[in-house]
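Before any comments, here is the structure.
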Amino acid sequence: MKKIFLLLFSISVLSSCDKQLDQVPISVMSAEGFYNNESDFTLALNGIYSTLRFYPNSQLRLGEIRSDNINSQRTADLLSRDIHKFALTISTNQYVADAWDVGFRGVMKANTLLEKLNEQVVPDEAKRKWFEGQAKFLRAFYYFDLIKWFGPVPFLDKTVTPNEALEIPRSSVSEIYNLIIKDLEDAISVLPVSYSPAERGYATKYAAQGMLARVYLTRSGPKLNPDGPCLGTNEYQKALDLLNAVMTGPFQMLNTYSSIFSFKNENNSEVVFSIQFKSGFGVGGSFPTILTGTSWWNMVGLPFQGAGDRNSVSENLLTSYGLDDLREHFSVVREYVSAGVHFTDNPTCIKFASPEKETWGVFRDDFGIDFPVLRFTDVLLMKAECILMGANGTQQEADNIINAVRERAGLDPLTDATIDDLMEERRKEFLGEGLRWNDLIRSGKVLTVMNAWIGSIISEGEMTYPIDETQLLYPVPQEQMDIKKGLYTQNRGYN
15 MKKIFLLLFS ISVLSSCDKQ LDQVPISVMS AEGFYNNESD FTLALNGIYS
65 TLRFYPNSQL RLGEIRSDNI NSQRTADLLS RDIHKFALTI STNQYVADAW
115 DVGFRGVMKA NTLLEKLNEQ VVPDEAKRKW FEGQAKFLRA FYYFDLIKWF
165 GPVPFLDKTV TPNEALEIPR SSVSEIYNLI IKDLEDAISV LPVSYSPAER
215 GYATKYAAQG MLARVYLTRS GPKLNPDGPC LGTNEYQKAL DLLNAVMTGP
265 FQMLNTYSSI FSFKNENNSE VVFSIQFKSG FGVGGSFPTI LTGTSWWNMV
315 GLPFQGAGDR NSVSENLLTS YGLDDLREHF SVVREYVSAG VHFTDNPTCI
365 KFASPEKETW GVFRDDFGID FPVLRFTDVL LMKAECILMG ANGTQQEADN
415 IINAVRERAG LDPLTDATID DLMEERRKEF LGEGLRWNDL IRSGKVLTVM
465 NAWIGSIISE GEMTYPIDET QLLYPVPQEQ MDIKKGLYTQ NRGYN
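If you're matching positions, the sequence shown starts at 15 in our numbering and goes up one per residue.
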C-alpha cells in the first residue's frame, strides 16, 4: 500500500475540505466530477487512509504523555506539558483540537465514499462491498478514537453541509458505540484475511476483529466518568471470541522484540494493523520526534531539531523495567553524550528513533517507519485480560500468555498473575505506542495509579493533584465551542 499511499496523499480533491474543519466538525466534500468509476473510489479510499498520517501524533501526545510513562515537566513543548500536568485550560490546546479535527476529517471522508458508492459506478459487487467494508472500518476507527478522548460527540453517519452541522449536538457514547459496532461487524463480514504485498496496509478481517475486541474491552471497563468510554457492560466474552478468531490468522510473536520494529521488516507476522509511512514523498511521519528530544537528534547528527527536549521516560517506568528487561534496552537510552554534554537525567524513548533503525527522513515530519496500531502481542495480552476479567479460560492460560511475553523480554515467569501484573506488563511492552492512558482507563486503575505517581513527582513542577474523573476526558476544543454558542456543553471540570 505504500506505493499507492505516496501517490495519493497530495491529491487536492481528497483534502479540499480540511480547512473547513477548523470551523465545523464535519462538512460535505466537494465531489463534483469525481466518484465516477472504481479508480476514483480507490483514490477516495486512500484519501481516508491518508488522514491516519496524523493518528500517531495524537496517540502519543494525548495517550502517552498524559500517562505515567512520560515526564514532561521540563519539556520545551508547552502544549505537551499542559497535557501532562492535567491543566484545566487545555480547551485551547492545539494538540487537543488536532485530535478532534483528524477524527472528524476521517469520519467525513468515509461518509462521502459510502454515499457515492453504488452499482452504476462500481458494478463489481465484490469490489463494491470491499469499498464499503473499508470505509466502515475506518469510520469506526476514527469514531472510537473520538469517544475515547472526548466522550459524547456529534453523531454523523452521512454527509452534511456546514450549516446543517451547526444544528447537530453531541450524542451519547452509547449511541456512537452502536454505529462503531455495526460498522466493524459489517467490515468483518466482507474484508479479506490478507492482501498482496502491493496492497498491504489496508485493513483485513483480522484487523476489524481485533479493533472490535478492543471496543468491547473498553466498553466493559468501570464507568468512572458518566460520559466516558467505559460503560461497565461486561462484554469480555465477546472480546475473547473475537481475539480467538484473530489468533487463527497468520500471526505470531517474533522471537526478538527489536525485530518487531525493524525498518527492513515492517509488515512482519507481529503486525495485525499498522499505519504506513514513506519518506521522501510527502507521506512520512513526524511521530518519532514527539518522545525523542533535541539533544538526542543532535547527537545522531540529523539535519533538524527534534520536538520538545524534555519528554523523558519516567523514573517510575524505569524502575518497573529493572535492569534486565530487553524491551527497555531497545526502547530507552538512559544516558548519552550530545555536543559535549553528558545527559544522565533525561532517559529518552528511542523505539522509533535509533540510528540503527534506518528511519531517517530529510525533515522532522518525514520518517518512513510504520506505526503499529494493533500487534499480535496485544491480541494475546487482551486475551489474558479477558480471562482475568471473567471470560472463559483458566488462570494458567493467562499466566502462559503473560510469561511468553516476559520470556521474550528476558524475564522470569510469574505465577497467579493479576490484572495489575498484566497492566504493568502491557506498560513495558507498548511504551511509545500510545496505549498506556487508555489501558489505565479501561482497567479502572487510572485514578489510583496516576494519583500515586503524580504525588511522587509533584515537587518537580506544577500539576493538577489529585486528578478526578473529570480529567479522564479531554475538553471539547474551544474553537468548536465558539462556533455556535450553546450547541455543545463543555465536559465537566474544564474552563
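Think of the CB as a built atom: it goes at the ideal place given N, C-alpha and C, for glycine as much as any other residue. Being a predicted model, the structure only gives us computed values, none of them experimental.
Per DSSP, the beta-bridge partners of Val327 are Ile84. One Cα belongs to Val136, the other to Tyr49, and the distance between them is close to 9 Å.
For Ile97, the CB contacts under 8 Å within the same chain, skipping 5 residues up- and downstream, are Arg75, Leu76, Ile79, Arg80, Ser86, Ile104, Asn107, Tyr109 and Val110 in chain order. Our two residues, Val207 and Gly147, have alpha carbons roughly 13 Å apart in a direct line.
C-alpha of His343 to C-alpha of Leu305: approximately 16 Å in a straight line. For Ile182, the secondary structure class from DSSP, reduced to helix, strand or coil, is coil. Beyond the five residues adjoining it in sequence on each side, Asn505 comes within less than 8 Å, by CB distance, of Phe164, Gly165, Asp241, Thr484, Leu487, Tyr488, Pro489 and Val490 in the same chain, given in chain order. Nearest Cα to Asp112 within the set Ser94, Phe390 and Glu129: Ser94.
Each of Ile481, Leu428 and Gly246 was checked against the Cα of Asn414, and the nearest Cα belongs to Leu428.
Take the alpha-carbon of Gly224 and the one of Asn83: they are about 24 Å apart. Unbroken alpha helix (DSSP H) stretches of 4 residues or longer found wholly inside the region 139 to 178: 139 to 164, given in chain order. In terms of Cα proximity to Leu257, the closest of Gly235, Ile202 and Lys278 is Ile202. Straight through space, the alpha carbons of Glu213 and Ser283 are spaced by roughly 16 Å. For the pair Arg153 and Ser473, the Cα-to-Cα distance works out to about 43 Å.
Note on geometry: alpha-carbon atoms of Thr362 and Glu329 lie some 11 Å from one another. About 32 Å separates the CB atoms of Tyr230 and Leu340; that is not less than 8 Å, and the two are not in contact.
With a cutoff of 8 Å on beta-carbon distance, Ala405 and Leu254 are scored as near each other.
Between Asp482 and the set Thr462, Glu476, Trp451 and Ile497, the nearest pair of CA atoms involves Thr462. In this structure, the straight-line span from the alpha carbon of Leu131 to that of Lys172 is close to 13 Å. Within the same chain, Asp112 and Val116 come within 8 Å of Phe68 by CB-CB distance, once the 5 residues on both sides are set aside.
Here Met267 is near Phe390, since their CB atoms are less than 8 Å apart. If you draw a straight line from the Cα of Ser53 to the Cα of Asn281, it comes to about 25 Å. Counting along the chain, Pro302 sits inside no beta strand (DSSP E); it lies in the alpha helix (DSSP H) bounded by residues Pro302 to Leu305. Straight across, the Cα-Cα distance linking Ile468 with Ile455 is about 16 Å. In this structure, Phe301 lies away from Pro480, with their beta-carbon atoms at least 8 Å apart. Within the region 105 to 140, the complete alpha helix (DSSP H) runs of at least 4 residues fall at 108 to 130. Counting only the Cα atoms, Leu57 lies some 22 Å from Leu198. Here Thr362 carries a strand assignment [DSSP, helix/strand/coil].
Considered as a whole, the region 362 to 448 harbours 390 to 402, 409 to 422 and 433 to 443 as its complete alpha helix (DSSP H) runs of no fewer than 4 residues, in chain order. It is roughly 43 Å from the alpha-carbon of Val286 to the alpha-carbon of Lys499. Just measuring C-alpha positions, the residue of Val387, Leu394, Ile497 and Leu102 sitting nearest Phe275 is Val387. Taking 8 Å as the cut-off, the beta carbon of Tyr508 is found no closer than this to the beta carbon of Leu160.
Residue environment: Asp426 is assigned as exposed (fewer than 16 neighbouring CB atoms within 10 Å of its CB, all protein chains considered).
Distance from the CA atom of Ala227 to the CA atom of Ser72, rounded to whole angstroms, is 21 Å. A buried status is given to Lys150, since no fewer than 16 other beta-carbon atoms sit within 10 Å of its beta-carbon.
Lys292 carries a strand assignment under DSSP once its states are collapsed to helix, strand and coil.
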